[in-house]
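Under mature numbering (1 follows the signal peptide of the UniProt record, and there is no 0), the residues of the sequence shown are numbered -25 to -1, 1 to 664, in order.
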Amino acid sequence: MMYGKYKIICTCLCLWYMSPGQAHMMVTAVRPVVETPDSTATSSTPEAADTTAVQPVKDTPVSTAVSTSSKPKLDHTVDFNPLDYLYPDRYVEKGDTFRNRFLDHLYVGFTTGFSQVAPKGRRAMKNGIPFGGVAGYDFNRLHGLRATLLHTNYDMKDGDGTVKQWETDIDYVFHLSDYLYGYDKRRIFRISPTLGVGYIHSVFQGERASIFKGQAGINVGIGLGRNAKFFIEPFFSALTDQADHSGHTNVSKYDIQYGVKAGLTVNMDNTNDFYNSDVVYTRGFFYELAQGVTFYDSDDLGFFKTTGTGYKISVGRWFDPIVGLRLSATASEYYWSYNTTAATEARPSYETRYKGSMFAGRLEGLVNPLNFFPYWRQVRHPFEMNIAVGGEYGWLTKYIPGTDNGLKCNYAGFTGAATFLYSMDKETSFFVEPRVVVANFREPYVNVAREASFTETSASISLGVRVCAANRKERASWPPYIFEPRLFSGVQVGGLKHMRSVNTVGDFALNYSGQFYVGYHLGPYVSLKAAIEYETLNENKYGSYVVDFMGVEKQFTALWQYRYNLLNIKLAYMLNLSNVYQKYDLNRKFNLFVEGGALYSKCMSDNARIYSGELEVGSSPRPLSAANPGGAPALLLGAVAQYRINDQWSLILEPEVHYYLKNGFIGGEVLSPFNDVVAKVSLGTSYTF
């Protein structure tokens, strides 16, 4: 019996390499017929006791029959035809059912990466960073079509301008993984070769060129959930001439382009069977407020000497437990360079630091890596982690000594961050977010109509709060509430900082503030608050002074530290975001407010003292310029984080920004074109009556 099995296997292997005609001749020549045991056999033998014996095939040709007189009688009949198992084509596993619904297989997204043109002429270009959008459609489980729009800038290595290109590509996509292993909508890694054509419109110093191309690549997709995919795609392209604008210096009639694309695509498929029904995640929008410290990768200053301040306000949404999207508005400032004056016999060396600022819009894709694990995403956890990758576009300024306005230009950049969250409750989380931004900008030359390209890196660490909004289904299930208007008051202390574009290092002095406030909750969403605040602000400035020298006044210049004691009267409107985006809950432990309003600031007193490092100072130096700035109105904007200890007592954390409407109220170089800006953070307690 074992002999018969091995014979069948060997026969199949032989037939694999034969044509169908040869196989048929072989089978009809060797097809055996084995008779059943003779009726006279002893029934006590195991063979005779087997009741599963198969009857012989009656139409077996006589010429191939085996004589029972010369061969042992077996108990089984072998009737195997290998032709029944021959396939005209290779077997392709089908896998999951591919539903022919248009939106199920339509996807859109964005792409970036790097690309380079390899010319043979004298021109050499730096790596380009493309930005663009992508849209595609899968016609079936193996074949798809994709369209891509890109914009890329290539800066010349010799600084001689920038090549700007706009590109359109059409690619055929073959899903190799689905061909080999069957269509699987839950597959994490998918490999898909691409082949296509494209058109490039290129401009360099007024010269225009039309370029046609053919390209091939390998798309490696990483499934991030039900309908999102991150992809990396190395590619190679052959282009018609003048992609590098090399003119007659390049004798070749074609150029070569290579690089890597990376991006995120979102599928329009909204099938609900991808995850189990017990998956837990926030299905609505979420909102974030954050403030932190920023650092700049400077060639001149040490890392911590560049420390500045950053702010962020964001709105985002999770499409499924793993993938989300976040849109942010950001502002940051940092020290980027410095200058040191040489010491003389009469004065010490001074170090002056120069500040830069960035204002941007940011778009990021979010991934929750912990929710890749099925058991993790079935339960809410107090700790979560998000990975964010995206781009930003904005406005960059730098103070440059010796210029009227410094540097002001647009910039584009990459950004990546990791967000570590701790959930206070279902709606609210605190987070810490380290981030890196790589920004590229172009600075115009003064004497020629060209631009030089620069790339800079900055980092930040932010503390913030995230509030999750309820979806429509949750809102419909809320019970009616009963609002209780209540009076509250409290005290706060904190620190503050004057946003200056130039800072001369002098004696250290602490800036601090204290305030008392009274407020009233007018409704479930709205409150009013009035406060009286005292601030002490110290500034280092150069100034002239006079001293008595043997009865004669002598004038000198030195570094002074001015101290302003300010009294602020404030009125603010407060909006409870926790109640806006969740149901009104009088017993909620944590509430987040945003506030806006106005204040009037009055300088109650001032004094000045000369820098302790000055070498020669006469007796009783007196500054010539008046230090007291008087008073000025200002606008305020801030956020209030409230943690309720019990029904009456709460802890308060409040970041706030003051923008003075009087130009030069505090004095010193400020971030053009703005007036004085003071940022502060305070901590305190509140009592609700």
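Just so you know, even glycine gets a beta-carbon here, dropped at the ideal spot from N, CA and C.
Same chain, Cβ closer than 6 Å to residue 361, five either side skipped, listed in chain order: 341, 343, 394
Do the segment 489 to 496 and the segment 636 to 654 touch if we need at least three Cβ pairs shorter than 8 Å? no
Local conformation of residue 105 per DSSP, three classes: coil
Rounded to a whole number of angstroms, what is the C-alpha to C-alpha distance between residue 73 and residue 122? 22 Å
Around the Cβ of residue 324, are there at least 16 other Cβ atoms within 10 angstroms (buried) or fewer (exposed)? exposed
For residue 231, I'd like the list of residues in its chain whose CB is within less than 6 Å of its CB, leaving aside the five on either flank, ordered along the chain. 93
Option nearest residue 410 by Cα separation, candidates 643, 152, 270, 608: 270
Euclidean distance between Cα positions of residue 142 and residue 308: 35 Å
From this set, 338, 372, 349, 382, which residue's C-alpha is nearest residue 364's C-alpha? 338
If you draw a straight line from the alpha carbon of residue 626 to that of residue 126, how long is it in whole angstroms? 50 Å
Taking Cβ to Cβ, would you say residue 617 is nearer than 8 Å to residue 565? yes
Which term fits residue 674, buried or exposed, when burial requires 16 or more other beta carbons within 10 angstroms of its beta carbon? In the structure displayed, the chain extends from -25 to 664; residue 674 sits before or after that span and is not available.
Cutting at 8 Å between CB atoms, please list the residues of its own chain near residue 229, excluding the five before and the five after it. 213, 214, 215, 216
So residue 509 packs on residue 544, CB below 8 Å; how close in whole Å? That belief does not hold up - the Cβ atoms of residue 509 and residue 544 are roughly 11 Å apart, past 8 Å.
I'd like to know if the segment 155 to 170 and the segment 184 to 195 are in contact, where contact means that at least 3 CB-CB pairs between them fall below 8 Å. yes
Exposed or buried, residue 442, counting other C-beta atoms within 10 Å across all chains shown (16 or more means buried)? buried
Quick one: what's residue 606 bridged to in DSSP? 577
Give the DSSP-derived three-state secondary structure of residue 513 in the structure shown. strand
To the nearest angstrom, how far is the alpha carbon of residue 169 from that of residue 207? 12 Å
Rounded C-alpha distance that separates residue 187 from residue 140: 12 Å
Indicate whether the contact test is met: 3 or more Cβ pairs, each with one atom in the segment 428 to 441 and one in the segment 388 to 404, closer than 8 Å. yes
What span of residues does the alpha helix (DSSP H) with residue 556 cover, start to end? 552 to 556
Hey, could you find the ends of the alpha helix (DSSP H) residue 151 is sitting in? 151 to 156
Going by DSSP in three states, residue 403 sits in which element: helix, strand or coil? strand
Check for me: the beta strand (DSSP E) holding residue 460 runs from which residue to which? Segment: none, residue 460 is in no beta strand (DSSP E) and carries neither H nor E.
Name, in chain order, the residues that DSSP records as bridge partners for residue 132. According to DSSP, which records beta bridges pairwise, residue 132 is partnered with nothing at all.
Does the count of Cβ pairs from the segment 552 to 560 and the segment 525 to 540 closer than 8 Å reach three? no
Three-way DSSP call (helix, strand, coil) for residue 293 in this model: strand
What are the complete beta strand (DSSP E) segments, minimum 3 residues, inside the segment 463 to 534? 477 to 479, 487 to 496, 501 to 524
Is DSSP giving residue 320 helix, strand or coil here? coil
Does the count of Cβ pairs from the segment 466 to 485 and the segment 498 to 514 closer than 8 Å reach three? yes
Cβ distance (whole Å) where residue 710 is taken to contact residue 109 below 8 Å: This structure gives no information on residue 710, because the portion of the chain shown stretches from -25 to 664.
Extent of the continuous beta strand (DSSP E) to which residue 173 belongs: 164 to 179
When you compare each of 131, 366, 523, 296 to residue 198 by their alpha carbons, which one comes out closest? 296
For residue 749, does the count of other Cβ atoms within 10 angstroms reach 16, so buried, or fall short, so exposed? No statement about residue 749 is possible, as the shown extent of the chain runs from -25 to 664 and does not include it.
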